[in-house]
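The opening residue of the sequence shown carries number 36 in my numbering; numbering runs sequentially from there. Here a beta-carbon is modelled for each residue, glycine too, at the ideal position from N, C-alpha and C. Worksheet: one structure, shown below.
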Amino acid sequence: MVDHDALAPVDYLLVGHLTADLTPDGRQLGGTASYGASTAHAFGLRVGVLTSARQNDPLLEELRQWAQVVVLPSEFTTTYENIYAATGRTQYVHGVAAPILPEDVPAEWRSTPLVHIAPMADEIHRQIVSCFPESALLVTLQGWLRRWEADGRVRFKRWYDQDVLNAIDFIVFSEEDIAEAADMEAKIAEVARCLIVTRADKGGTIYREGQAQSYGASSVEVAHPTGAGDIFATSFFICWHLLKHDIDRAVRAAAILAGHSVTRIGLQSTPTPDEIRAVLNDGGI
């Protein structure tokens, strides 16, 4: 664990489990906290991660190259196996780390400008959003939409929390995340300040106070989709901050960076500083 006395302020805080992703090449670092940390680091920001994992898990050292990390002790590291087919993704969870509660948030990080709530396995208490009254808040919803059976197969779980929606600035999820309850999109859009629903190679939809606007995606050859949504959400949030809160430009920039990401595999899909500079300097976005 990180000694809280040694924590420095950060610009971008991610709250959520890192994951161990089981792949044909072995056990690899994953999860929104990991893709988000590597992306925010590439933007040049000081990054913090509040997570939980098995003590001395070697994946933690990989995460620490991009961020200060506070690790809540756990018997397990949250572990996922993703199986992709033409019909979509089948997901299994093989272990879940400890919950993350409001009292776990370090005092040093409660005034971080950009806070990204990034649940992976329904591990984050809803009241954690009240810990950051001075921050802009983004939630990537996927981990609050998950439950699992005895064999570990992940199933969909409906979610709606008026208090959370009232407290946050942005909420992001994919159409695949709510495929079993498509009505959730309209219901959340009615009350969210800003909802972004991503639709892979079809781009996505931005809802502001219930009003919908579509955006496009880059036409690229996809090497692997894992992490693209996390990179999109993180890039959007940071670009929104850097581009003086211009949501439309931030979405276009994030879509370009996410398009680059799917041409690479794993955490190599993180945007490069050169790609980021090119997008931010593009007056046409």
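Cβ neighbour criterion (16 or more within 10 Å) applied to residue i
| i | result |
| --- | --- |
| Ser87 | buried |
| Tyr47 | buried |
| His151 | buried |
| Thr307 | exposed |
| Gly79 | exposed |
| Thr122 | exposed |
For residue i, three-class secondary structure by DSSP
| i | result |
| --- | --- |
| Trp275 | helix |
| Ala133 | coil |
| Asp309 | helix |
| Tyr70 | helix |
| Asp56 | strand |
| Gln162 | helix |
| Gly123 | strand |
| Val140 | coil |
| Ala263 | helix |
| Gly51 | coil |
| Leu85 | strand |
| Ala247 | strand |
| Leu64 | strand |
| Leu42 | coil |
| Gly301 | helix |
| Ala239 | The sequence given here places Gly at residue 239; Ala does not occur at that position. Gly239: strand per DSSP, three-state reduction. |
Residue range of the beta strand (DSSP E) that includes residue i
| i | result |
| --- | --- |
| Asn117 | 114-120 |
| Ala290 | Ala290 -> not in any beta strand (DSSP E); alpha helix (DSSP H) instead, spanning 282-296. |
| Pro108 | 103-109 |
| Ser146 | Looking at the DSSP string, Ser146 is not in any beta strand (DSSP E), and its letter there is neither H nor E. |
| Trp183 | 181-183 |
| Arg188 | That residue, Arg188, is in no beta strand (DSSP E); it is neither H nor E in DSSP. |
| Leu80 | Premise fails: Leu80 is in no beta strand (DSSP E) and is neither H nor E. |
| Ile231 | 229-233 |
Extent of the continuous alpha helix (DSSP H) run through residue i
| i | result |
| --- | --- |
| Ile206 | No alpha helix (DSSP H) contains Ile206, which is instead part of the beta strand (DSSP E) from 205-209. |
| Ala224 | 218-226 |
| Ala202 | 197-202 |
| Leu172 | Element bounds for Leu172: not the alpha helix (DSSP H) but the beta strand (DSSP E), 171-175. |
| Leu95 | 93-98 |
Spatial distance of residue i from residue j (CA atoms)
| i | j | result |
| --- | --- | --- |
| Gly262 | Ser304 | 8 Å |
| Pro44 | Ala120 | 42 Å |
| Asp60 | Leu302 | 13 Å |
| His129 | Asn316 | 43 Å |
| Thr114 | Tyr70 | 15 Å |
| Val314 | Ala41 | 35 Å |
| Gly264 | Thr125 | 17 Å |
| Ser253 | Gly238 | 8 Å |
| Glu116 | Leu57 | 5 Å |
| His283 | Ile231 | The amino acid at residue 283 is misidentified as His; the sequence shows Asp. One C-alpha to the other measures close to 11 Å. |
| Phe272 | Leu149 | 8 Å |
| Ala202 | Leu172 | 8 Å |
Any non-hydrogen atom of the ligand HEM within 7 Å of residue i CB
| i | result |
| --- | --- |
| Glu244 | Ligands displayed in this structure: none; no statement on the ligand HEM is therefore possible. |
Task: contact_flag[the stretch 204-224, the stretch 162-179] where n(CB pairs < 8 Å) is 3 or more - done: yes
- [ ] Pair every Cβ in the stretch 217-227 with every Cβ in the stretch 293-306, then say whether three or more of these pairs are closer than 8 Å.
- [x] no
Open item on the list: Check whether the stretch 82-102 and the stretch 182-199 touch, using three or more Cβ-Cβ pairs below 8 Å as the test.
Closed with: no
Open item on the list: Taking 8 Å as the cut-off, does the stretch 153-171 touch the stretch 129-136 (at least 3 CB pairs, one atom from each stretch)?
Closed with: yes
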